[in-house]
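Numbering (our numbering), first residue to last: 149 to 407.
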């Protein structure tokens, strides 16, 4: 019987021991400690897990857990927490102590707006937050402190309006709002999907490019397209340095030697 199978057998008898939980921990190639207790038919949070505060990734998804312990904040090493598909109606206030958490999934539970503690605004490292498939109709005002948040999923909740502070979250680029009854859908278009940042474009004169770069660019220069009838002598490029004639003549020979 494998270690995972032993853990499952113990969970069925509500007899999970600390030793068995430790044996179920896996070390990832990135030297992080991962504990997966998904689909274990858990109805309560195993008390012995409180001793495993060094765990970085905890997966308790697809169980039937109704409540997390009040001292859940002891897991301060957590970077990823998966609680999806349980029966949670609220999150403990101490969850705000998980300062290293970057990923939190609490989708498909029974969370109400009253069950979201204000301390969730202390999760300033959070990048992905999934609150979909719950019973939420508002968010705590402390959400405006989540400046690292990049992706927020609120699908299939009970939102009619969204707080204005969501638009002020500078890192937020993806918001999933489908399945809600928002009064003005167009008002939240810019919240749902912000465009990706535009890369900077720097123009240089083709005379300072090597043949390989010119070939890569298609042999076209933006200035050349603008004035195709101009001669090289007629064009003026203030501030651009042009290689001297000797450098130009020896450029290919120098590159061959180097390569």
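Note that beta-carbon positions come from the ideal geometry of N, C-alpha and C, so glycine has one too.
None of the values given here were measured: they were computed from a predicted structure.
Given this structure, state the Cα-to-Cα distance separating residue i from residue j, to the nearest angstrom.
i: residue 174; j: residue 323; result: 32 Å
i: residue 330; j: residue 226; result: 34 Å
i: residue 231; j: residue 184; result: 11 Å
i: residue 223; j: residue 359; result: 57 Å
i: residue 245; j: residue 308; result: 30 Å
i: residue 256; j: residue 179; result: 30 Å
i: residue 249; j: residue 228; result: 6 Å
i: residue 263; j: residue 243; result: 12 Å
i: residue 313; j: residue 202; result: 34 Å
i: residue 205; j: residue 247; result: 14 Å
i: residue 265; j: residue 283; result: 15 Å
i: residue 291; j: residue 261; result: 12 Å
i: residue 295; j: residue 315; result: 11 Å
i: residue 182; j: residue 176; result: 7 Å
i: residue 218; j: residue 171; result: 25 Å
i: residue 269; j: residue 319; result: 15 Å
i: residue 164; j: residue 321; result: 41 Å
i: residue 241; j: residue 300; result: 20 Å
Candidates the options: which alpha carbon is nearest residue i's?
i: residue 280; options: 274, 289 and 306; result: 306
i: residue 221; options: 233, 211, 239 and 318; result: 239
i: residue 325; options: 277, 288, 171 and 164; result: 277
i: residue 271; options: 214, 177 and 293; result: 293
i: residue 191; options: 170, 203 and 215; result: 215
i: residue 287; options: 296, 267, 210 and 298; result: 267
i: residue 233; options: 327, 251, 243 and 187; result: 187
i: residue 275; options: 228, 298, 254 and 282; result: 298
i: residue 212; options: 254, 177 and 228; result: 254
i: residue 289; options: 282, 311, 296 and 300; result: 311
i: residue 193; options: 169, 182 and 176; result: 169
i: residue 252; options: 207, 218, 217 and 219; result: 207
Going along the chain, which residues of its own chain have a beta-carbon closer than 6 Å to the beta-carbon of residue i, five neighbours each way excluded?
i: residue 166; result: 196 and 199
i: residue 189; result: none
i: residue 209; result: 186, 230, 232 and 233
i: residue 317; result: 297
Keeping to the same chain, check which residues put their C-beta closer than 8 Å to that of residue i; ignore five residues upstream and five downstream.
i: residue 379; result: In this prediction, residue 379 scores a pLDDT of 44, lower than 50, which makes its location untrustworthy; the coordinate-derived value is nonetheless stated afterwards. Around residue 379: no qualifying Cβ.
i: residue 328; result: 302, 303, 304, 305, 306, 307 and 308
i: residue 259; result: 236, 237, 238, 239, 279, 282, 283 and 284
Using C-beta distances below 7 Å, list every residue in its chain close to residue i, excluding the 5 sequence neighbours before and after it, in chain order.
i: residue 273; result: 247, 248, 249, 250 and 296
Counting only runs of 4+ residues fully inside the region 168 to 246, write out the alpha helix (DSSP H) ranges in chain order.
-> none
May I have a chain-ordered list of the beta strand (DSSP E) segments no shorter than 3 residues that lie completely inside the region 264 to 306?
-> 276 to 278 and 299 to 301
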